[in-house]
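Encoded as structure tokens, the structure appears first; notes follow it.
Structure, rendered in structure tokens:
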């Protein structure tokens, strides 16, 4: 049986539910975090909670449980889990609403806080295409928080799948690189590691911030022309890094032996 | 008691729920329609179903129930409702997924089809601001379908509320007018009625299409400068039209006596 933590209680996933009127379901009015675990503890927990609160504040959703309670819930869930390494997801929505309409939501609002645990899957090397069907909206605050609005990423991933690839590089509305569908992107161009700026529509990834330091990467606008000049690259997120094998069918160099993509996740 | 129709059955809203793993909830992986009723029947039903299917096809979500079954469900729900005039919402998501990740979703996929009914509220005159906090992404297919990804609209509406207005005019990433947060926008500029083109990020509103004919409006790009030249305007959606009273504090003319904004909703 798979357990989850919902609004303060451990529940069995198959026997716990979301209200039909939850604004997370009806309007994508919510945010989330995905957290890697190490030794049955959440990794980078303080940073994840800070980002969750920042995302929630952007939408004006309160987090009614304090940090220690959320951490204790995760630890409790991990104890019931049989996985050694897990991916924990915290989802926070504005909760059920008694009224139709966007704003103000029906009162009183009781946010929904859901914590789920899944096995930490391997993050295999990625065969990328440059997404044609959609663009990342760098003009939207949503591009800088982890909101539930994953529609564009879904479209991009689906396009990649339809084109025989595994993931897509998303451009922003100016035509510069923003990110992959579930992570930040680092490319090696003319011997220099680069990654899109937050202003280009990149999420402030927790792995991204650490990798910028460990591999001495530069944040800058990466034009679609520049993408074609990359000779190596990888995708990063809080769960791990995946080497990029190909972009638009062109093979990249294997940098797994030269670049350290794992130590940031190591626990001392 | 409020009833809903969920995956083939009439249920009591307070006793029916969405799975914790429904991708509509976790990833905004779904679409919807909002339908006005007249004489206990859904108005423009065929057009709404066609748009729902088009939206769903964009995301690759099948609609497993045929049109007559969906219409019968709505009629059945309206019979249990005490409202003379209602707003029906059809929500279609990819359904619960056994796996994490964006694509391909966990198999087998059983889409969630939910139909809810709410009272048809009045759509009062709107005091508009031009949204500064976010932009409509006209480069995304999501701007042309009714997906669950309402985050940018929520941000815009919240900004309007914070600035003492009731709704916001959303610009696209090029700075041209796209829409309001829950409807299309028509403005009268230099004695001509205009409305943004679909390419500008406007949804292909069912009321919009009818109004373009009845008031002889022109579809064209409306720059943010042009917005300031409007002397009258209104917002339209499938539930009704709302006159725009003010834009950025500047009063507009009242056109309720001169322009027919109600006959498109009349049933012969």
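Protein chains in written order, with this note's numbering: chain A, 1070 to 1337; chain B, 1070 to 1337. Don't be surprised by glycine CBs; every beta carbon is placed ideally from N, CA and C. Just so it is clear, the structure is predicted and the values come from calculations on it, not from any experiment.
Residue i beta carbon near the ligand FAD (any heavy atom closer than 6 Å)
i	result
residue 1247/B	Absent from the structure shown: the ligand FAD. Ligands present: none.
DSSP bridge partner residues for residue i (one or two, in chain order)
i	result
residue 1156/B	1105/B and 1187/B
residue 1216/B	1100/B
residue 1072/A	1081/A
residue 1230/B	DSSP lists no partner for residue 1230/B.
residue 1086/B	1088/A
residue 1195/A	1313/A
residue 1262/A	1257/A
residue 1237/B	1198/B
residue 1245/B	1292/B
residue 1252/A	1249/A
residue 1111/B	1106/B
residue 1120/A	Per DSSP, none; premise fails for residue 1120/A.
residue 1204/A	Bridge partners of residue 1204/A: none, in fact.
C-beta atoms of residue i and residue j nearer than 7 Å
i	j	result
residue 1252/A	residue 1306/A	yes
residue 1197/A	residue 1316/A	yes
residue 1272/B	residue 1223/A	no
residue 1097/B	residue 1097/A	yes
residue 1247/B	residue 1236/B	no
residue 1284/B	residue 1328/B	yes
residue 1162/A	residue 1091/A	yes
residue 1203/A	residue 1209/B	yes
residue 1195/A	residue 1304/A	yes
residue 1154/A	residue 1189/A	yes
residue 1160/B	residue 1101/B	yes
residue 1309/B	residue 1192/B	yes
residue 1087/B	residue 1087/A	yes
residue 1093/B	residue 1094/A	yes
residue 1177/B	residue 1143/B	no
residue 1260/A	residue 1288/A	no
residue 1147/A	residue 1085/A	no
residue 1279/A	residue 1333/A	yes
residue 1242/B	residue 1242/A	yes
Spatial neighbours of residue i in its chain, beta-carbon cut-off 6 Å, leaving aside the 5 residues before and after
i	result
residue 1185/B	1073 and 1158
residue 1275/B	1113, 1116 and 1307
residue 1082/B	1071 and 1073
residue 1165/A	1088, 1090 and 1091
residue 1125/B	1100, 1132 and 1161
residue 1167/B	1175
residue 1262/B	1255, 1284 and 1286
residue 1080/B	1073
Close Cβ partners of residue i (< 7 Å) along its chain, the five nearest in sequence each way excluded
i	result
residue 1295/B	1258
residue 1299/B	1256, 1257, 1258, 1316 and 1321
residue 1323/B	1312
residue 1301/B	1257, 1321, 1322 and 1324
residue 1140/B	1111 and 1114
residue 1232/B	1198
residue 1122/B	1132
residue 1330/A	1303 and 1310
residue 1335/B	none
residue 1075/A	1085 and 1183
Beta-carbon contacts of residue i that lie in its chain and below 8 Å, excluding the five residues immediately before and after
i	result
residue 1199/A	1237, 1238, 1240, 1293, 1296, 1316 and 1317
residue 1156/B	1103, 1104, 1105, 1106, 1186, 1187, 1188, 1189, 1190 and 1308
residue 1201/A	1228
>> As an exercise, report each continuous alpha helix (DSSP H) stretch of at least 4 residues that is fully enclosed by the segment 1275-1324 of chain A, in chain order.
In response: 1275-1283 and 1293-1296
> On the three-pair Cβ rule with 8 Å, is the segment 1199-1218 of chain A touching the segment 1134-1142 of chain A?
Replying inline: no
>> What ranges does the alpha helix (DSSP H) occupy inside the segment 1129-1182 of chain A, keeping only unbroken runs of at least 4 residues that lie completely in it?
In response: 1136-1149
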